[in-house]
Every structure is written in C-alpha cells, then in structure tokens.
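**Student:** Before anything else, here's the structure in question.
Residue numbers (the numbering used here): 5 to 400.
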C-alpha cells in the first residue's frame, strides 16, 4: 500500500491551550507516535502529544507537514509527507509565526479593555499618559451598540470599517494621491492607541506603530484581568503600578491587532489557494458588556460551475443577554437562499418560529427565492458531521 498523498486528522473539540492558538492555513510539523486504537493515532505536534482520528494508517516515526484547514466544529489538519510538503516559508507563514503567540481572543480582550478605560477614567486617570487614555477612550466609545446593527446600512458600514481592508484602502489613497487618514477604521484606531504609548525617542504615528504590533512577541497566555487593578498598591508603588497599567493596556491592544492581522492573512492564504473565505469578530456593546458578533463567510469552489451555481455560506453568531447566543447560517446558490437558525433558549426558539414567515417575506422582497427557513435548538454537532470531502486520498 502506498503512503497516501494526502490525509486528514480530526481532533477533539477541546484541545490543550497551546493548540487553541492554531489558525486556518497554519503549517504544523507532525510526528506519528503510533496507533492507539481503530482509526485512532497519537501525534506529536509542537511538543505536545495529541490523539487524533484518521482512517489512514501511519507507521510510528512518520514525519508529516500538516496544514490547518478547519477549526469548527472540530480542528482538522490536512497532512502530506514532510519531504513533499517542505517548501520555503512564505511571508504569510513568517508573519503568523510572530502573531500567533500573542493574539488574544477578541471577545474577552475587548471586554477587559473597555473595563480598563472605565476604571481609569473614573478613578485613576493619572495612572496612564493622558494621550494614551484619550485614544483608548475614543476607541472604546466608537464600538457600536448591538441594536444599532439591526439597520442594514449601519451593519454594512461597521463591517466595512472593521479593519480588514485598512491596508487596501491606504494603498488606494496613495494611488489616487488622496492620503486622508482612515480615522473611522478600527484597525487604524487600534494603531492610534498604540502610537500614543510613551516612546523613549520621539512621537510615533499609527503607521509606525504597526511595526511594533507585528514585531515583538508577548505571550497571549497571560490573564485578561483589568489593568486598572494594578493601581491599588498604595503610594509607594504608584510608579510601578502606572508602568504595569500601561504595559497591560498595550498588551491588549497588540493582542487585538495580532488577532485582526491573523484573520487578514487567513483570508489572503485562502485566496491564493483559489478559495473565498473570511472571518471577522465585530466588537459591540451589549447592555453593560463589550463582546463580539462573529461573521464567517465561505464560497465553495466547484469545478465546471459558474458563479451563479457556486454555493455561498455565511454563519453569524450573535451574543444575547443571558448569556446566550443566536447562530444563523445563510446558504445561497444564485438567488436561492436557505436559512437555518439555532438557539439554546426555548423562548427564543418560539419567537424565531413566529417570525419565520415575515423573514421569508422580507427576503423574497429583496429578490431571493426562499428555500428552507429552519429553527432548531442549539446543540453540538457530531464530531464527523462537517468532515470535508476530498481530504482523504488512499491508493491500494
């Protein structure tokens, strides 16, 4: 039996903390330890032993190069023999190597940053430089309220200004000789905050701050406790507390920038491979919390099919008070649209059921041919429910 040219490894949804930093498109070095059961194999990845599921048998000691192709609902790797897959490291891979150790989960990071700004503004504004606090306060105040996104125009504007297209907009501005700072872009606002931190040499611009955000690594495994908690140390420790406060604020801003840039690299890597894929987490205010609405878009490539016959899918995860969430998946082929909504709360399910006809009517008015509108409880899918096709190629 030949060594398979390509194989898939599937993992449990809950992985050690070191593996939760994986990103779609990332390359990993894998060593096969040995079989642990039927279709079950122990692997060594990044110094950690992890058990995986694969239908392809591998001999102990086999070395592979694996690419992360999915993270939800379970992590999935596409692996090839190491000698076939070894190529010079790309600029994207080099960037990911520096970004992944310090990127932060955007939901908790935005919440902690907003809490810091409130605490520092109300109690200890002198704990950080005034220009830092001013820029951070401006950043947090521009986070939209979740209810405002019910307006299609507001949602479209919020997504467009979420920072994913900052570099492209800057390039267009330079090409058209209209270098107007994109002050409404969220990535630009994060860079503005970063630019205000004390520098031993000279003031820095948001563009210069991008180099700092992408250069020096800071472990993202540190806690996300509000930085303002460091100021309650008494008079003798005020100088040290102020420095610690600024360090924590800066780490959170850099972690958000690293996460945002990682998403951009994933989108670019998918495009280079001929796929259309993108994910963003849009920060929003929900009552007295700051959290994120998640958008994940994918267009499947089907050889021999035109654009009107190509499936499109958009998954939206909306946080709600409780805490609970609403997940909606829209699938379209041409003008034919299907909607599936999941909700864990029975009362929310009932409300969604009552709104199905009105939703279908409004979508029809927008020119769509409506297929299914399904409302279901929110439940974890089977581990193999979303195993991509074409990832296993065995030849006997």
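Ideal Cβ positions, reconstructed from N, Cα and C, are used throughout, including at glycine.
Remember, it's a predicted structure, so these values are computed and weren't measured experimentally.
Cβ of residue 72 within 8 angstroms of Cβ of residue 29?
**Tutor:** yes
**Student:** Name the DSSP beta bridge partners of residue 302, please?
**Tutor:** For residue 302, the beta-bridge partners assigned by DSSP are 281 and 317.
**Student:** Within this structure, are the beta carbons of residue 110 and residue 285 separated by less than 8 angstroms?
**Tutor:** Going by beta carbons, residue 110 and residue 285 fall inside the 8 angstroms limit.
**Student:** Do residue 259 and residue 75 have their CB atoms nearer than 8 angstroms?
**Tutor:** Not a contact, by the Cβ cut-off of 8 angstroms.
**Student:** Report the residue from 116, 171 and 142 whose alpha carbon sits nearest the alpha carbon of residue 269.
**Tutor:** 171
**Student:** Can you give me the Cβ contacts of residue 15 inside the same chain, cut-off strictly under 7 angstroms, excluding the 5 residues immediately before and after it?
**Tutor:** 54, 56, 78 and 79
**Student:** What is the rounded straight-line gap between the Cα of residue 13 and the Cα of residue 82?
**Tutor:** 7 angstroms
**Student:** Using DSSP with H/G/I as helix, E/B as strand and the rest coil, what is residue 14?
**Tutor:** strand
**Student:** Assess, as a yes-or-no matter, whether the segment 134-144 is touched by the segment 110-126 under the definition of 3 or more beta carbon pairs within less than 8 angstroms.
**Tutor:** yes
**Student:** Could you pull out every residue in the same chain whose Cβ sits closer than 6 angstroms to the Cβ of residue 166, ignoring the five residues on either side in sequence?
**Tutor:** 190, 284 and 286
**Student:** What are the start and end residues of the alpha helix (DSSP H) that includes residue 135?
**Tutor:** 134-145
**Student:** Using a threshold of 8 angstroms, state whether the C-beta atoms of residue 280 and residue 274 are closer than that.
**Tutor:** yes
**Student:** Among residues of its own chain, excluding the 5 on either side of residue 133, which ones have a beta-carbon nearer than 8 angstroms to its beta-carbon?
**Tutor:** 200, 201, 202 and 250
**Student:** Can you tell me whether DSSP reads residue 371 as helix, strand or coil?
**Tutor:** coil
**Student:** Starting from residue 152, trace the alpha helix (DSSP H) both ways and give me its first and last residue.
**Tutor:** Element bounds for residue 152: n/a, residue is neither H nor E.
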